[in-house]
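J.: Numbering (the numbering used here), first residue to last: 52 to 497. Even glycine gets a Cβ: it sits at the ideal position worked out from N, Cα and C. Note that the structure is a prediction, hence the values are computed from the model and not measured. Take this structure, written in structure tokens, and hold onto it; I'll ask about it next.
What follows is the structure, encoded as structure tokens:
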């Protein structure tokens, strides 16, 4: 008899019988000492294809196939068949398999046997599957095969087995099954375990040299080639693969330079100018296939600083199973004249000023510096924003404050309150760095 947690895998609770003393009525899978399967209530089991033993729980591995066996047996006594009392009618088997199993989950592979004149009319059982990574389960077509002593032996059940159910039988798949073990049988089907996986690489070369590496040294005005590699390392096809290239500041894309190389175009085919920055759809790729996208970019004449500039180019592969990135670097050493603040920019030029870009939680003060705010704007109150100018000094400087609520307007970042409005001109002039509009915030609120 099944004990412990495994006992809860079958149902419903029902009277049990033995091979020596079978049932006086039609009932399924209720004998506890079947010499072939043991306790018939445990009638769903699984194994790796090609191995010998079926088990109640299996850890799945990507790329492998597994077999699920479902045992069925009308436990009515043989002596009841002649009168028809022991013959089961409308016998069906319905199987359920999860499409995806994630790490930490315990997926259920189950089956139910139903019969219109059985007691109970439905019995069911489960086996369990786990995995160390996200896997997808796929039914192997035409693998659901009946094993029986009758004429149905070797017949393939339709895919309705996994939806509405499939009829069983002995002389034919007509739902009629006499009582006794000699009329019992099994249905075995196969599952293929797939797992998505891919890699991305990014390399750079001197123009036309095809010497791909992670870093090259270039000069202002020079053109270099970038190559983005995609490899489908999983066991399933990936569709609608998108390649996106984000050129760094100081580099510009060379129009008409994008090419795609894969199994269909081993010598490369010209592509639209979409890879930088919007993204290029390179199609579908079967397991273990790959592709390369190449493009050219020009190093600008005016770079951000004197000396060594590292221009980091980032490529992104976008799939339905997630995104991955890789980078390559172009190093440019730019000498500057003594009177230049930046390459080609004379000292005193407005372009010499370093522009502060505030991060989340920072503001720009009156001197143009990024400073961290100790508090944060309140997020309660009416769903609106109010633009207000605080203090004569802030008004003259053109700095604005944004607030979510009139009720919290007096909680100014610099400590200014409405009651102290006459002192507002002494407060630091701050511009709140906002990363989302109020509408966007409302849209994403859960």
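1. Could you check the C-alpha separation between residue 22 and residue 353 for me, to the nearest Å?
2. Candidates 253, 213, 204, 282: which alpha carbon is nearest residue 234's?
3. Any chance the stretch 322-335 sits against the stretch 377-386, with 3 or more Cβ pairs inside 8 Å?
4. Could you give the DSSP three-state label for residue 173: helix, strand or coil?
5. Which residues does DSSP pair with residue 327 in a beta bridge?
6. Contact between the stretch 279-288 and the stretch 218-230: three or more CB pairs below 8 Å?
7. What's the C-alpha gap between residue 64 and residue 134?
8. Secondary structure at residue 460, three-state DSSP: helix, strand or coil?
9. Are three or more beta carbon pairs between the stretch 237-248 and the stretch 103-122 nearer than 8 Å?
10. Starting from the Cα of residue 246, find the closest Cα among 422, 201, 93, 287 and give me that residue.
11. Quick one: using the 10 Å Cβ neighbour count with 16 as the cut-off for buried, is residue 182 buried or exposed?
12. If you drop the 5 nearest sequence neighbours on each side, which residues of the same chain put their C-beta closer than 6 Å to that of residue 231?
13. Roughly how many angstroms lie between the CA atoms of residue 402 and residue 365, to the nearest whole one?
14. How about the stretch 134-150 and the stretch 61-77: do they share at least three Cβ pairs that are nearer than 8 Å?
15. Short of 7 Å in beta carbon distance, which residues of its chain neighbour residue 68, apart from the five on each side in sequence? Order them along the chain.
16. How big is the Cα-Cα spacing for residue 123 and residue 289?
17. Find the nearest neighbour of residue 158 within the set 143, 357, 150, judged by alpha-carbon distance.
18. Near residue 237, what residues of its chain come up, given a Cβ to Cβ distance below 6 Å and the 5 sequence neighbours on each side ignored?
19. Below 8 Å on the Cβ atoms is my guess for residue 226 versus residue 145; work out the distance and round it to an integer in Å.
20. Considering only DSSP beta bridges, list what residue 147 is partnered with.
21. Taking 6 Å as the limit between beta carbons, can you name the residues of its chain near residue 111, skipping five residues before and five after?
22. Using a 10 Å radius around the Cβ and a threshold of 16 neighbouring Cβ atoms, would you call residue 384 buried or exposed?
23. The beta strand (DSSP E) spanning residue 421 covers which residue range?
24. By Cβ distance, which residues of its chain are closer than 8 Å to residue 255, with the 5 residues on each side in sequence left out?
25. With 16 other CB atoms within 10 Å as the buried threshold, where does residue 166 fall?
26. Roughly how many angstroms lie between the CA atoms of residue 307 and residue 348, to the nearest whole one?
27. Could you give the DSSP three-state label for residue 285: helix, strand or coil?
28. Report the option in 396, 317, 184, 190 whose CA atom is closest to the CA atom of residue 154.
29. Suppose you measure from the CA of residue 449 to the CA of residue 415; what does that come to, to the nearest Å?
30. Would you report the Cα separation of residue 359 and residue 392, rounded to the nearest angstrom?
31. Would residue 397 count as contacting chain D if we go by Cβ distances under 9 Å?
32. The beta strand (DSSP E) that contains residue 392, what's its start and end?
33. Would you mind reading off the limits of the beta strand (DSSP E) that contains residue 97?
34. Return the bridge partner residues of residue 368 from the DSSP annotation.
35. With distances taken from CA atoms, which of 341, 400, 96 is nearest residue 108?
T.: Straight from the coordinates:
1. The structure shown has nothing for residue 22, since the chain only spans 52 to 497.
2. Position 183 of the chain shown holds residue 234. For residue 234, the closest of 253, 213, 204, 282 by C-alpha to C-alpha distance is 204.
3. no
4. Along the chain shown, read from residue 1 onward, the residue named residue 173 stands at position 122. Strand, per DSSP.
5. Mapped onto the chain shown, residue 327 falls at position 276. Residue 327 pairs with nothing; no bridge assigned.
6. no
7. Translated into positions along the chain shown, residue 64 becomes position 13. Translated into positions along the chain shown, residue 134 becomes position 83. Near 28 Å, if we compare the C-alpha coordinates of residue 134 and residue 64.
8. For the purposes of this step, residue 460 is identified with residue 409 of the chain shown, where counting begins at 1. With a pLDDT of 35 at residue 460, under the threshold of 50, the predicted position of this residue should be treated as unreliable, though the coordinate-derived value follows. Residue 460 falls in the coil class under three-state DSSP.
9. yes
10. Along the chain shown, read from residue 1 onward, the residue named residue 246 stands at position 195. Checking every option, the nearest Cα to that of residue 246 belongs to 287.
11. As a position in the chain shown, residue 182 is number 131, starting the count at 1. Buried, by the Cβ-count rule.
12. The count along the chain shown starts at 1 and reaches residue 231 at position 180. The beta carbon of residue 231 lies closer than 6 Å to those of 129 in the same chain, with the five residues before and after it left out.
13. Numbered from 1 along the chain shown, position 351 holds the residue referred to as residue 402. Numbered from 1 along the chain shown, position 314 holds the residue referred to as residue 365. About 26 Å.
14. The answer is yes - the stretch 61-77 touches the stretch 134-150, with three or more Cβ pairs under 8 Å.
15. Reading the chain shown from its first residue, position 17 is the one you call residue 68. Cβ within range, chain order: 74, 81, 82, 126.
16. To locate residue 123, count along the chain shown from 1; it is residue 72. To locate residue 289, count along the chain shown from 1; it is residue 238. One C-alpha to the other measures close to 39 Å.
17. Indexing the chain shown from 1 puts residue 158 at position 107. For residue 158, the nearest C-alpha among the options comes from 150.
18. The count along the chain shown starts at 1 and reaches residue 237 at position 186. 120, 122, 198, listed in sequence order.
19. As a position in the chain shown, residue 226 is number 175, starting the count at 1. As a position in the chain shown, residue 145 is number 94, starting the count at 1. So it is not a contact: roughly 13 Å between Cβ atoms.
20. For the purposes of this step, residue 147 is identified with residue 96 of the chain shown, where counting begins at 1. Within the DSSP bridge table, the entry for residue 147 names 161 as partners.
21. What you label residue 111 is simply residue 60 of the chain shown in a count that begins at 1. Closer than 6 Å at Cβ, skipping near neighbours: 180, 182, 186, 244.
22. Translated into positions along the chain shown, residue 384 becomes position 333. It is exposed - the Cβ of residue 384 has fewer than 16 other Cβ atoms within 10 Å.
23. For the purposes of this step, residue 421 is taken as the residue at position 370 of the chain shown. Unbroken beta strand (DSSP E) run through residue 421: 421-423.
24. Here residue 255 corresponds to residue number 204 of the chain shown, with the count starting at 1. Annotation for residue 255: 263, 264, 265, 266, 267, 275, 276, 277, 278, 364, 379, 380, 381 place their beta carbon closer than 8 Å to its own, counting only its chain and skipping 5 residues before and after.
25. To locate residue 166, count along the chain shown from 1; it is residue 115. Buried, by the Cβ-count rule.
26. Numbered from 1 along the chain shown, position 256 holds the residue referred to as residue 307. Numbered from 1 along the chain shown, position 297 holds the residue referred to as residue 348. Cα-Cα distance, rounded: 11 Å.
27. Walking along the chain shown from the start, residue 285 turns up at place 234. DSSP places residue 285 in coil when its eight states are reduced to three.
28. As a first step, residue 154 is located in the chain shown; it is residue number 103 there, counting from the start. Out of 396, 317, 184, 190, 184 has the C-alpha closest to the C-alpha of residue 154.
29. Sequence index remark: in the chain shown, residue 449 carries index 398 (1-based). Sequence index remark: in the chain shown, residue 415 carries index 364 (1-based). Because the pLDDT of residue 449 is 34, which lies under 50, any placement of that residue in the model is unreliable, and the number read from its coordinates should be weighed accordingly. Going by the C-alpha atoms only, they are around 12 Å apart.
30. As a position in the chain shown, residue 359 is number 308, starting the count at 1. As a position in the chain shown, residue 392 is number 341, starting the count at 1. In a straight line, the C-alpha of residue 359 is about 14 Å away from that of residue 392.
31. Protein chain content of the structure displayed is limited to a single chain, and chain D is not contained in it.
32. One-based indexing of the chain shown puts residue 392 at position 341. Here the beta strand (DSSP E) through residue 392 covers 391-393.
33. Residue 97 sits at position 46 when you count from the first residue of the chain shown. Element bounds for residue 97: 95-99.
34. Locating residue 368 in the chain shown gives position 317, where the first residue counts as 1. Residue 368 pairs with 294, 375.
35. In the chain shown, the residue the question calls residue 108 occupies position 57. Nearest option by C-alpha distance: 96.
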